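Numbering (my numbering), first residue to last: 825 to 1410. A quick write-up on the structure given underneath.
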């Protein structure tokens, strides 16, 4: 039952992803997508009724682990600002169900502005969040944080069980316990494996790394050992489903599969069949990647560079972002180095070595800069660590068999790896444990008050920490800029002077780096952008002067909350006269 259940999910999500991509390419709408998906959904319900019976011993323990992981997702609260992008997209899908899917930017309210990076158009997970929100009326926050994150938490042990039934079939439950145990403990670095697991499964990249990545390995190993049509279909579906969760999976999933398929290579006809079949299974995500890369090279990626001579610093900063410094880093290195020794002989042992070897081929001063500029992008180069089988290595250590000395060594290495400098569910990791609720900052009531207090989806000037979360609600007000990561990408479409002006206005009212504007420049910005509401951080040194400027411009104080003030002044009728489309770069 567990294998059939997780396989059914992968096939269903892969089908949804293909339909989403077709909808995007045809400039069709969410409504059209839902009609297209309806027959497949009905068929899926009937197929679920025909799932096979449980596969054997250990199923109750596995079910208990699934429930534990789902509960961990529900009670752990670690807000992540990337929701300002992903859930903003999902909310736009739900708010504009008859518009072309994920084509126009839904964050800023700038007429004619397309979605700001073409890769996001191929994220089917945000389209799914938006579809469920549209059909149910639930917020995209609730759909993501309480719905799908919990589902992914439940599915994670099933995915690891699928892998360890291949790697260590006689002790698969021990392997699952080791891998999941590591993910439940490791909070050493923000981009580490534990922080991309149960505290962040509401985002597609975490779902890929925690659920789909082990499945891709399992499917690839199974296909390499027996290249049957059924095994090929599962591998192809796993790769397509991965591509719908994060654009980084367009390269990470095929490379993950390649490391597993390489272990089954044989210089004969069967080996050639496996290689050709693996390439065919990866054809879909690779084709999408090539199309997207061509567009990106003309835009953002075409303007990127790495200063020569700083390769070592770049690698060190990337490593520190993913793996905490200190003794624990060496414990993980030892765990990875010893993983082939812990693994059973044959394909499992070869895969444990090949996965780490592939990573080292791409993460070094010689190939690293090229990989960053041509494959991952410099800001996502840290995701190259997704190729390292750290949780799987923990599972192999937990399931190690053989001599007493070998098992003792595996236990010692595993114990060291399971003691990170920061535990994933600890306060030091920014996690609050509590009753299941939305995973948002404590100040989120301010965001709701701003969205409710500025009518007609008006323009809001607010510091970045407020603007970022405004767009996570449906029907939100439009911030001048939603999230700082978007600023550079906006240069593709808006004049640089306009973006700089928006930044300056936001910095004037607060943020991490407040910078004062002269009163005439501030008032002119309010007028030119048709700002309906202003969120002022009351602690900025020039707050009194800014209050005077706002009052003189016709704004009135409506709310004081969490050290911020909401000023509202421009009516909806006035907005239609003030807001004008800005010239877009093509």
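Just so you know, even glycine gets a beta-carbon here, dropped at the ideal spot from N, CA and C. All values reported here derive from a predicted model rather than from experimental measurement.
Count the other CB atoms within 10 Å of the CB of residue 866; is the residue buried (16 or more) or exposed (fewer)?
That one is exposed.
Could you compute how far the alpha carbon of residue 1031 sits from the alpha carbon of residue 1025?
When only Cα atoms are considered, residue 1031 and residue 1025 end up about 5 Å apart.
Taking residue 1244 as the reference, give the member of 1005, 935, 1232, 914 with the closest Cα.
In terms of CA proximity to residue 1244, 1005 leads the group 1005, 935, 1232, 914.
Would you tell me roughly how many angstroms separate the C-alpha atoms of residue 1360 and residue 970, rounded to the nearest one?
Looking at the two C-alpha atoms, the distance is approximately 31 Å.
Is there contact between the stretch 989-1009 and the stretch 845-864, where contact requires at least three CB pairs shorter than 8 Å?
Contact fails: fewer than three Cβ-Cβ distances are below 8 Å.
Spatial neighbours of residue 923 within its chain, please: C-beta separation below 7 Å, excluding the five flanking residues on both sides.
Take residue 923, set aside five residues on each side of it, and the residues of its chain with a beta-carbon closer than 7 Å to its own are 853, in chain order.
Kindly indicate the opening and closing residues of the beta strand (DSSP E) around residue 1355.
Where residue 1355 is concerned, the enclosing beta strand (DSSP E) stretches over 1355-1361.
From the DSSP output, read off the bridge partner residues of residue 993.
Under DSSP, no beta-bridge partner is assigned to residue 993.
State the Cα-Cα distance for the pair residue 1142 and residue 1252, rounded to the nearest angstrom.
Between residue 1142 and residue 1252, the C-alpha separation is close to 21 Å.
Suppose you measure from the CA of residue 904 to the CA of residue 975; what does that come to, to the nearest Å?
Each residue's Cα considered, the two are about 19 Å apart.
To the nearest angstrom, report how far apart residue 949 and residue 1198 are at their CA atoms.
Taken atom to atom, the span from the alpha-carbon of residue 949 to that of residue 1198 is near 25 Å.
How about residue 987 and residue 1041: do their beta carbons lie closer than 8 Å?
One thing to note: residue 987 has its Cβ within 8 Å of the Cβ of residue 1041.
Please list the segments of the alpha helix (DSSP H) lying wholly inside the stretch 1256-1295, counting only runs of 4 or more residues, in order along the chain.
If only uninterrupted alpha helix (DSSP H) runs of at least 4 residues are considered, those enclosed by the stretch 1256-1295 are 1268-1277, 1288-1294.
Taking residue 1141 as part of the alpha helix (DSSP H), name the residues at either end of that continuous run.
Taken as a continuous stretch (DSSP letters only), the alpha helix (DSSP H) holding residue 1141 covers 1135-1146.
Flag this pair as touching only if the stretch 1013-1022 and the stretch 1052-1064 have three or more C-beta atom pairs under 8 Å; answer yes or no.
Contact fails: fewer than three Cβ-Cβ distances are below 8 Å.
How far does the beta strand (DSSP E) with residue 1392 in it reach, from first residue to last?
Residue range 1388-1392 is occupied by the beta strand (DSSP E) that includes residue 1392.
Assign residue 1149 to one of two classes, buried (16 or more other C-beta atoms within 10 Å of its C-beta) or exposed (fewer than that).
By the beta-carbon neighbour count (other beta carbons within 10 angstroms, threshold 16), residue 1149 is exposed.
Cβ-based burial, residue 1275 [other Cβ within 10 Å; buried from 16]:
Residue 1275 should be labelled buried.
Jot down the residue ranges of each uninterrupted alpha helix (DSSP H) in the stretch 999-1058, minimum 4 residues, whole runs only, in chain order.
Segments of the alpha helix (DSSP H) lying fully in the stretch 999-1058: 1028-1031, 1037-1049.
Whole angstroms are fine: how far does the CA of residue 1047 sit from the CA of residue 1177?
Taking the straight line from one Cα to the other gives about 19 Å.
If the criterion is Cβ atoms closer than 8 Å, does the pair residue 1356 and residue 1282 meet it?
Result yes, Cβ atoms of residue 1356 and residue 1282 sit closer than 8 Å.
Extent of the continuous beta strand (DSSP E) run through residue 1384
That run of the beta strand (DSSP E) goes 1380-1385.
Select from 1051, 860, 1113 the residue whose C-alpha is nearest the C-alpha of residue 1098.
Considering only alpha carbons, the answer is 1051.
Residue 1304 to residue 1296 span [Cα, whole Å]
Residue 1304 and residue 1296: Cα-Cα distance of roughly 15 Å.
Minimum C-alpha distance to residue 1334 - residue among 1288, 900, 1237, 907:
In terms of Cα proximity to residue 1334, the closest of 1288, 900, 1237, 907 is 1288.
In DSSP terms, what residue 1302 is bridged to
The partner list for residue 1302 (beta bridge, DSSP) reads 1283.
Reduced DSSP secondary structure (H/G/I, E/B, other) of residue 924
In the structure shown, residue 924 sits in a strand (DSSP, three-state: E or B).
Three-pair Cβ contact test at 8 Å for the stretch 924-932 versus the stretch 880-893
They do not touch, by the three-pair rule.
Measuring only the C-alpha atoms, how far is residue 1180 from residue 1173?
Those two C-alpha atoms are separated by around 12 Å.
Quick check on residue 1215: does DSSP put it in helix, strand or coil?
Residue 1215 falls in the helix class under three-state DSSP.
Can you tell me the Cα-Cα spacing of residue 882 and residue 832, whole angstroms?
Spanning the two alpha carbons is a distance of roughly 21 Å.
DSSP three-state call for residue 1123: helix, strand or coil?
For residue 1123, the pLDDT reaches just 49, beneath the cut-off of 50, and the residue's location in the model is therefore unreliable, although a value from the coordinates is still provided. Residue state for residue 1123 is assigned as coil, using DSSP reduced to three classes.
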